[in-house]
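Here is the structure we will look at.
Residue numbers (full-length UniProt numbering): 1 to 276.
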């Protein structure tokens with residue numbers, strides 16, 4: 001058996017031996033949404049450290065556990081703290097969690113993150129619905145022997161972010177009266193912030209936001225046939241777009257400032273998904 005798939009199955013079996021909850025929606029919580037547990041009716045939880053072989057997040061502010069429960073009556077598994085490529089894990093480990101949530105029963109994935117604004121029409125504190133992505137700056141999680149049990153060798157990526165789910169996010173934003181931008185997200189490896197020249201390249205390629213996560217997870221989820229949507233919190237303007245030096249404290253402060261609106265948007269999105 002393929003080692004990557006074997007590891008995934010072992011993690012899946014470990015979770016299923018401890019948790020009986022079956023989710024319909026998977027939610028990966030980015031910066032600013034770490035305490036989203038307060039919005040959930042949590043039924044069960046499991047620490048990443050309890051899952052043998054599971055990668056553990058090392059980033060400050062990222063708790064390391066899965067939460068299983070209900071949001072507006074919808075069965076949800078939430079990943080409280082994601083794993084990033086820059087932490088030194090192989091890309092197969094970075095996307096293991098989203099694949100695992102798919103094996104646990106989730107059919108829809110909501111990805112959230114903090115991102116740098118590349119579009120001059122954006123400003124810190126904006127929320128951006130992701131419409132498409134650029135992943136040329138990071139290794140594909142599908143490189144290597146194909147996991148035929150999960151999906152095809154050459155998966156179609158013409159609609160990574162599901163059109164129907166994008167309409168739901170727009171309706172959710174209207175319902176909770178939260179302003180939302182839309183745009184293309186480009187993933188870089190990190191952990192350093194991008195240079196001004198890289199951000200100019202990013203903009204020239206058609207991106208509106210840049211970050212260090214999410215796109216690889218979306219690709220792995222689509223490979224499995226899961227429906228994907230994504231929302232970025234624009235926490236700062238990217239390098240070269242202002243005179244401000246970039247730092248993680250600013251990212252966290254902005255994410256915390258708009259957390260209430262971000263949570264409301266995510267909750268309403270999940271409620272509308274549950275009505276489908």
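Note that beta-carbon positions come from the ideal geometry of N, C-alpha and C, so glycine has one too. Nothing here was measured: the structure is a model prediction, and the numbers come from that model.
With respect to the alpha helix (DSSP H) encompassing residue 99, which residues constitute its N-terminal and C-terminal limits?
Within the chain shown, residue 99 is the residue found at index 99, counting from 1. Note, residue 99: alpha helix (DSSP H), 96-103.
Taking 8 angstroms as the threshold (C-beta atoms), are residue 205 and residue 134 in contact?
Locating residue 134 in the chain shown gives position 134, where the first residue counts as 1. Locating residue 205 in the chain shown gives position 205, where the first residue counts as 1. Residue 205 is positioned such that its CB atom lies closer than 8 angstroms to that of residue 134.
Counting along the chain, where does the alpha helix (DSSP H) carrying residue 271 start and finish?
For the purposes of this step, residue 271 is taken as the residue at position 271 of the chain shown. Counting along the chain, residue 271 sits inside the alpha helix (DSSP H) bounded by residues 259-274.
For residue 127, write down the residues that DSSP places opposite it in a beta bridge.
Counting from 1 along the chain shown, the entry for residue 127 is found at position 127. Residue 127 pairs with 233.
With three or more beta-carbon pairs closer than 8 angstroms as the criterion, would you say the segment 77-94 touches the segment 23-30?
At 8 angstroms Cβ cutoff, the stretches touch.
Endpoints, beta strand (DSSP E) assigned at residue 335:
No answer is possible for residue 335: the residues shown for the chain start at 1 and end at 276.
To the nearest angstrom, how far is the alpha carbon of residue 53 from that of residue 116?
For the purposes of this step, residue 53 is taken as residue 53 along the chain shown, with counting starting at 1. For the purposes of this step, residue 116 is taken as residue 116 along the chain shown, with counting starting at 1. So the alpha carbons of these two residues sit roughly 32 angstroms apart.
Just confirm the distance between the C-beta atoms of residue 127 and residue 273, as a whole number of angstroms; I'd bet it's less than 8 angstroms.
As a position in the chain shown, residue 127 is number 127, starting the count at 1. As a position in the chain shown, residue 273 is number 273, starting the count at 1. Incorrect: roughly 17 angstroms between the Cβ atoms, too far for contact.
Could you name the residues that DSSP lists as bridge partners for residue 69?
Within the chain shown, the letter at position 69 stands for residue 69. According to DSSP, residue 69 bridges with 42 and 76.
Tell me the DSSP secondary structure of residue 244 in three-state form.
Here residue 244 is taken as the residue at index 244 of the chain shown, counted from 1. Under the three-state reduction of DSSP, residue 244 is assigned to coil, being neither helix nor strand.
Which same chain residues end up closer than 8 angstroms to residue 220 when comparing Cβ atoms and leaving out the 5 residues on each side of it in sequence?
Locating residue 220 in the chain shown gives position 220, counting from the first residue. Around residue 220: 95, 98, 99, 141 and 142.
Going along the chain, which residues of its own chain have a beta-carbon closer than 6 angstroms to the beta-carbon of residue 240, five neighbours each way excluded?
In the chain shown, counting from the first residue as 1, residue 240 sits at position 240. For residue 240, where only same-chain residues beyond five positions count, the Cβ hits under 6 angstroms are 196 and 199.
Sequence-distant residues of the same chain with beta carbon closer than 6 angstroms to residue 180, five excluded per side
In the chain shown, the residue the question calls residue 180 occupies position 180. These residues qualify, in order along the chain: 127, 129 and 173.
Pairs of beta-carbons, one from the segment 242-259 and one from the segment 26-39, closer than 8 angstroms: are there three or more?
Because the criterion of three Cβ pairs below 8 angstroms is met, the segment 242-259 and the segment 26-39 touch.
Kindly indicate which residue of 177, 191, 160 and 167 has the alpha-carbon position closest to the one of residue 185.
The count along the chain shown starts at 1 and reaches residue 185 at position 185. Per the C-alpha coordinates, the member of 177, 191, 160 and 167 positioned closest to residue 185 is 160.
Residue closest to residue 124, alpha-carbon to alpha-carbon, out of 2, 225, 251 and 91
Translated into the one-based positions of the chain shown, residue 124 becomes position 124. Out of 2, 225, 251 and 91, 251 has the C-alpha closest to the C-alpha of residue 124.
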